[in-house]
Amino acid sequence: MVTIHRVVWRDAVGGSNTGWRPLSELMEQDVATVISCGAIIHEDEEKIIICPHIIVEDEKIIEGDAEITIPKDWIISNMKMATFPPGD
8 MVTIHRVVWR DAVGGSNTGW RPLSELMEQD VATVISCGAI IHEDEEKIII
58 CPHIIVEDEK IIEGDAEITI PKDWIISNMK MATFPPGD
């Protein structure tokens, strides 16, 4: 069985490389709120790795692409959205 999750988390912003700007403009930045959806392919006490693109065979993930590692301290919520096969 494969479970798909929706993870809401906070991320750093900045470094846009748009050239020199006044400090007042630089200080207006805030952190971003991000939503990532996919299968959690790894989890430990420090982080999760979520992967949105997966290949499933015999109800198991065998390959993935576009994974992202998210520190657990940055996670706001983690919700189970669906399972495959459906109904589990």
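Numbered by this note's numbering, the letters in the sequence shown go through residues 8 to 95 in order.
Quick reminder that beta carbons are idealized off the backbone N, C-alpha and C, glycines included.
Nearest-angstrom Cα separation, counted from Gln36 out to Ile68: Each residue's alpha carbon lies about 38 Å from the other.
Whole-number beta carbon distance between Pro59 and Ala73, since they are thought to touch under 8 Å: With a contact defined as Cβ atoms closer than 8 Å, Ala73 and Pro59 qualify at about 5 Å.
Identity of the residues DSSP links to Lys79 by a beta bridge: Answer is none; Lys79 lacks a bridge partner.
Secondary structure of Glu50, DSSP reduced to three states: Reduced to three states, the DSSP call for Glu50 is strand.
N-terminal and C-terminal residue of the alpha helix (DSSP H) that Ile32 is part of: According to the sequence provided, residue 32 is Glu. The question's Ile does not apply to it. Start and end: 30-33.
Beta strand (DSSP E) segment containing Trp27, residue limits: That residue, Trp27, is in no beta strand (DSSP E); it is neither H nor E in DSSP.
For Asp18, the first and last residue of its enclosing beta strand (DSSP E): From DSSP, the beta strand (DSSP E) with Asp18 extends over 9-18.
Val41, DSSP secondary structure in three states: Val41 sits in a strand when the DSSP states are folded into three classes.
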